[in-house]
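Chains as they are written, first to last, in numbering that gives the first Met the number 0: chain D, 0 to 500; chain U, 0 to 354; chain Z, 0 to 306. Here the structure is laid out as structure tokens; the discussion comes afterwards.
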Amino acid sequence: MLLEMDSITKSYGSVRANHNVNFNLRRGEVHALIGENGAGKTTLMRILYGMESPTSGQIKIEGKPVAFHDPTDAIKHKIGMVHQHFMLFPAFSIAENIVIGGEPKKGIVFNRKQAIEQTIALSEQYGMPVDPKKKVADCSLGMQQRVEILKVLYQGAETIILDEPTGVLTPLEVKELLASIKALTAQGKSFIIISHKLSEIMEVSDRITVLRDGVVTGTVNASDTNEEQLSRMMVGRELIKLKRSERRDGKPVIELNNVSMKGNKTKPLLDSVKLNVHEGEIVGIAGISGNGQSELLQAISGLSSIDEGTIVLQGKNVTGASVKKIRDSGLAHIPEDRYMWGVSKEATVSDNGIMGHLPRMSKRGFLNSKAIRTLVSDWVDQFGIKTGSLHTKAQYLSGGNLQKLIVAREIAQQTPFLIAAEPTRGVDVGAMEIIHGELLKRRDEGTGILLVSSELTEIMKLSDRILVMYEGKVVGELDAATATEEEISLLMAGGKAVGQA
Amino acid sequence: MDKLKGTLQSLVQPLLAVVIGLIVGAIAIVIVGGDVFETYYEMWKGAFGNFYFLTNTLARATPIILVGLGVALAFRAGFFNMGSEGQMVLGALSAALTALYIPGPGWVKMIAAIVAAMIVAGLWSAFAGWLDSRFGMNLLITTLLLNYIATLFAGYMVAYPFKDRTGSAALSQTEMIDASVMFPKLFQGMTVHAGFIIAIIATLALHFFIKYTTKGYEIRMLGGNPLFASYGGISRGKLMLISMFVSGAFAGLAGASEVLGTQYRFLDGSLSSANFAWSGIMATLLANSNPIGTAIAAILLAALQTGGMGMERNTDVPLEISSIIQAVLILFISAKFTISFIKRKKAGAKDGSAV
Amino acid sequence: MDQLFDVSLFAAALRMVTPILLAALGGAICARVGLFNVGLEGLILIGAFSAILGNYLTGSIAVAILFSIGFSLLFSLLFAYMSINLQANVIVVGIALNFLAAGLTTFALRAIFDVKGAYYDKDMKGLPKLDIPLIKDIPWLGDILSGQSILVYAALIIVFVLQFYLYKTVSGFRLLAAGENPVAARSLGLHVKKIQYIAVLICGVLCGLAGAQLSLGNVTMFTEGMTNGRGFIALVATMLGQSNPVGVAGASILFGFMEALSYRLQNFSIPSNITSMLPFVVTIIAMIFFKDSGYKNEAKKSSGSSR
């Protein structure tokens, strides 16, 4: 056994990210670590790489217990990590990126020539061809990942951790990566791969460990299992279906046609997205975050521009319109990152509350403090927002209470169309119930809601229709009444639903 | 309770800075061989000792308050407008020229002078804002550079075309304005003039504007979190030009106030050497861009300056001590040395994360 | 009829380039580690005053230069501590340091020399000028390149030293890395904070030299506020030159030349006010052409403009 993680528990205050997790790795094996967002996979690997210390539990390398205080300790034990967000220097060449930290030198002079030679030798040894002189900024993401892997190999890694390696790769690049992994294991390297992409995992792994809510739900050999079984292990929980009134057939409040956003990477951010939301319906977009959902919402709300396609809101073409115009045309928006978009931390609760309500809350250019006070206090009562007073600064509210304020604010806009992005992220159960109740109430009143969430249970609980996004495309549309969790999580992970080619 | 806590917390930092400033000043006094208590006593007398000195301080504070208010507005919107000196000078020049050459009764000239000052200075400031939005030029640098261009231009204007050729003095200045255009003094024989009243009104007006109007709200949100502002539909580009214009207009008003109320002409270099604009910027930084706080800080800085002069008259200690105290003040304000910052640092160490 | 573009113009230009160049190089090093140093103006001023002080106290040029470097170093340490350790807003700290420098030098001028406005001692020796053999005999070019103060030559040498350091040595490479992507650098075990400190201190030394050239390089005197915006012009040179030593040198030469030209134009009955505007106007126009995103973003982040 190359390395063992015994009974690892990691708590952040009262939140348990990992609970009694056992994980081990044999030499020369590819061991995948899978689970939903927030299952605890990245936390576990950060502990292995020395970026975090476990609350309890032990790590053993070749049978000997070790304690890592920072990544340099892990590197000394020949563990290397390729992060989900690359740690590269775009302005430097590939060779420079690979050798940094252990540069070949002549005195104080950086021997770049030798760095290039060493890079070529390394890339030939491991069958991962790169152009050592090329600037990383000019490289495709697949190439950049190759550089990251070569970097850890240069540092002498025997165990390589890959965190969500295929998220940004094209299908061809994914093939090349899987081939490289197989070639490297043939040379004695061992891999731990964190992923949620079941088909790729099935293709390359020897063993698979499934995490759910910080706990291991199973460790299996890849040859003994299949994708359906894995997704059941990832997701399997009891579903609470909320009572709701029959879906009314209404006219569409928003229509997207052929919407594409290129971005500056090889894969488009949005790829010919076609969707619509009708009056009185909730359309849920399921998907692991990072598959184009954020870009979709930015495009609809007017914060980003699209390269192709049209967006029609309430019958009006709002493609390319300003945020204000789009809001005035009937959009309200619960943003997915409340601190980045949804509030101004330095401002008070009431200041944050009136954003978007200014016309109603002012008279001839002056703010109507009485009306504002009434409006926001009503929300405080209705939603149970815990705050010292209306003059408390937003930064002092807990995440959940801040979210309740934002939800109250946007729902109160009484618009025909509402975006709800991760509406209950980081929110306690009680607040979640309240927010869900309000969203359903608006739906019953005739609002069309576009719900984006990485929590599958939320999607299934609230939606009338479910769309699944994967790599910037809508890959499936299901009727919520009949969809199963396994079907949806399969689509989310890039798999094909039963009956598809 | 929160409000009280918040107010107290926001006072700790400036008070601490003042204390440290006075301590450093004391050290400097000792170095020069003066007596700390006697020196500080003379300083107090020079600033507030009697009615004459007190009104002197207020007269000096007038342009500082006005500049500070303009800068406060720009800072609240999130824009580093460092061009107050140039804006003030152009405003003063415009006021002087308008007062001298516009026909009409005294009060017409006065209003025209003020308006001209505010418009010219406002445009000069908005120009920098335009360079930023059109060419992406760093606002901080452009406003600083424009300062020099503005003061040099104004200097040229009074050295050649509009030079005062009456009288024997060969100074670069305009002629003196007519008595009917001068701001009335507030008290017989004292230096403080109507400009001070304007400054007080402006302070209250800006306070109300920022706190109670919709435009003020938009500016606050833009400065607090520009992403939040655009998410809410606030138009950044337009608001930037407006804020920069108004910010410059305040500086222009400060210039007009000095011309119409104290100097009665535009004299090349007089506004720069008195450091009115930079003191205004300092006042804003000290008060964290709060209008009323800015006015108070401006009076404080003016007191340090007039007190310094008094100190110089009656002791051997040079008045530059007050510039040291002022600079130390600003240095400590720029350090985010608040109680909550220290608390947060301690909390970070407890998490157990290695990196 | 005076010629406009003659030897003495170019010689003067080279002399005036030097303070801007040295400060701009310092600014470039700071920018390379992610610190936008607006306090160059103050650092040069401190250097200028300290050089005069050192010269006054000992009469030795070497001591004068040591003084200018020493006090600027102290000052830049303050900048480093507040920006790096206390995490204060880099722009506000820079502005504060400019105020502090102005106040301190004015105070010291009174306290030590008992004068207001300026200190001038006609017997004080300035920086020694070097007549370079061989070069001084080249017609026209020789009169420009030879006979300049030692700091002028030092500045030109430093350009190439810094170019070599940044792009050829391991230490320079890591400094660039720390600024290029501090998160990645930290994950590799590089001490980003230490690198930033070193960068700021190098900047301090360079600004000290800039100040020494300013107060001792031509006429030996110190005037209140004598930097007169050069620190900000240097900052623009940094941005125009994309924080690359040779590029910065190019930009600095442009601005230095503008300054010399502005003085020379006064001989042609153009009012001094208008001629003095030249460097600033050219600087602003030049800013249209700098489009490197690195510092713009950095400045955007801290100054909050151009959103």
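All C-beta atoms, glycine included, are put in the ideal place defined by N, C-alpha and C. Values in this document were obtained by computation on a predicted structure and should not be read as measured data.
Margin query: One question on the structure: do residue 265 of chain D and residue 139 of chain D come within less than 8 Å of each other, judged by their Cβ atoms?
Written below: yes
Check: residue 118 of chain D and residue 55 of chain D look like a contact to me (Cβ under 8 Å); what is the Cβ gap, rounded to whole Å?
Finding: Actually they are not in contact, since the Cβ atoms of residue 118 of chain D and residue 55 of chain D sit about 42 Å apart, beyond 8 Å.
Item checked: Whether residue 274 of chain Z touches residue 232 of chain Z by CB criterion (8 Å) -> no
Check: Nearest to residue 113 of chain U by CA position, among U/256, U/205 and U/176, is which residue?
Finding: U/256
Checklist line | Near-chain Z residues of the segment 100–117 of chain D - C-beta to any C-beta below 7 Å | finding: Here the close residues are 100, 102, 104, 107, 108 and 109.
Check: Which ranges would you report for the alpha helix (DSSP H) in the segment 76–140 of chain Z if only whole runs of at least 4 residues count?
Finding: 89–112
Notebook entry, point to check: If you pair each beta-carbon of the segment 203–215 of chain Z with each one of the segment 33–51 of chain Z, do three or more pairs fall below 8 Å?
Noted result: yes
Margin query: Quick check: what's the CA-CA separation for residue 269 of chain Z versus residue 278 of chain Z?
Written below: 15 Å
Next item on the list: Say whether chain U places a C-beta atom closer than 8 Å to the C-beta of residue 355 of chain D.
Entry: yes
Next item on the list: Check each residue of the segment 62–86 of chain D: if its Cβ is closer than 8 Å to any Cβ of chain U, include it; give the result in chain order.
Entry: 67, 68, 69 and 70
Check: Which chain D residues are close to residue 39 of chain U, counting only those with a beta carbon under 9 Å from its beta carbon?
Finding: Within 9 Å of the CB of residue 39 of chain U, no CB atom of chain D is found; the nearest one sits about 36 Å away.
Checklist line | For residue 115 of chain D, the nearest candidate out of D/129, D/157 and D/73 (CA to CA) | finding: D/129
Next item on the list: Mind listing the chain D neighbours of residue 308 of chain Z? Cutoff is C-beta to C-beta under 8 Å, in chain order.
Entry: Because chain Z is modelled from 0 through 306, residue 308 of chain Z falls outside the range shown and cannot be assessed.
Next item on the list: State the start and end residues of the unbroken beta strand (DSSP E) segment that holds residue 263 of chain U.
Entry: It is not in any beta strand (DSSP E) - residue 263 of chain U carries neither H nor E in the DSSP assignment.
Checklist line | Start-to-end residues for the beta strand (DSSP E) that takes in residue 275 of chain D | finding: 269–277
Checklist line | Short-range partners of chain D found in the segment 145–161 of chain U, where Cβ spacing is below 7 Å | finding: none
Next item on the list: Kindly list the residues whose CB is nearer than 6 Å to the CB of residue 40 of chain D, restricted to its own chain and excluding five residues on each side of it in sequence; keep chain order.
Entry: 32, 34, 193 and 210
Next item on the list: Out of U/322, U/316 and U/180, point me to the one whose CA is closest to residue 35 of chain U's CA.
Entry: U/316
Next item on the list: Give a yes or no on whether the minimum CB-CB distance between residue 255 of chain Z and chain D is below 8 Å.
Entry: no
Next item on the list: Assuming residue 322 of chain D contacts residue 416 of chain D (C-beta within less than 8 Å), just tell me the rounded distance between them.
Entry: No, residue 322 of chain D and residue 416 of chain D are not in contact; Cβ-Cβ is about 14 Å, not under 8 Å.
Margin query: For residue 187 of chain Z, would you say it is in contact with chain D, using Cβ-to-Cβ distances shorter than 8 Å as the test?
Written below: yes
Next item on the list: Specify the secondary structure class of residue 278 of chain U as computed by DSSP and reduced to three states.
Entry: Here residue 278 of chain U sits in helix by DSSP.
Next item on the list: With hydrogens ignored, establish whether the beta-carbon of residue 241 of chain Z is closer than 7 Å to any heavy atom of the ligand ZN.
Entry: This structure lacks the ligand ZN, and indeed carries no ligand of any kind.
Check: With 8 Å set as the bound, which would you pick, yes or no: does the beta-carbon of residue 22 of chain D sit closer than that to a beta-carbon of chain Z?
Finding: Not closer than 8 Å to any Cβ of chain Z, the Cβ of residue 22 of chain D fails to qualify, so no.
Notebook entry, point to check: Quick one: is residue 143 of chain D buried, meaning 16 or more other Cβ sit within 10 Å of its Cβ, or exposed?
Noted result: That one is buried.
Next item on the list: Compare the Cα-Cα distances from residue 171 of chain Z to each of D/492, D/298 and D/102 and report the closest residue.
Entry: D/102
Next item on the list: Counting only the same chain and skipping the five closest in sequence on each side, list residues whose C-beta sits under 7 Å from that of residue 391 of chain D.
Entry: Contacts found: 347 and 348.
Check: Can you tell me whether residue 171 of chain U is buried or exposed, with buried defined as 16 or more other CB within 10 angstroms of its CB?
Finding: buried
Next item on the list: May I have the straight-line CA-CA distance separating residue 167 of chain Z from residue 465 of chain D, to the nearest angstrom?
Entry: 57 Å
Check: What are the partner residues of residue 260 of chain D, as DSSP defines its beta bridges?
Finding: Paired residues: D/269.
Next item on the list: Decide yes or no for the touch test of the segment 189–204 of chain D against the segment 484–496 of chain D: beta carbon pairs closer than 8 Å, at least 3 of them.
Entry: yes
Check: According to the neighbour-count rule (16 or more other Cβ atoms, all chains shown, within 10 Å of its Cβ), is residue 239 of chain D buried or exposed?
Finding: The pLDDT assigned to residue 239 of chain D is 47, lower than 50, so where the model puts this residue is not dependable, and the model offers no usable value.
Next item on the list: Could you say which of U/225, U/84 and U/150 lies nearest to residue 339 of chain D if we only look at CA atoms?
Entry: The residue with the shortest Cα to Cα distance from residue 339 of chain D is U/225.
Item checked: Validate contact between the segment 288–308 of chain U and the segment 58–71 of chain U using beta carbons, cut 8 Å, 3 pairs -> yes
Margin query: The beta strand (DSSP E) that contains residue 224 of chain Z, what's its start and end?
Written below: Neither: residue 224 of chain Z is in no beta strand (DSSP E) and is coded neither H nor E.
Check: With 16 other CB atoms within 10 Å as the buried threshold, where does residue 204 of chain U fall?
Finding: exposed
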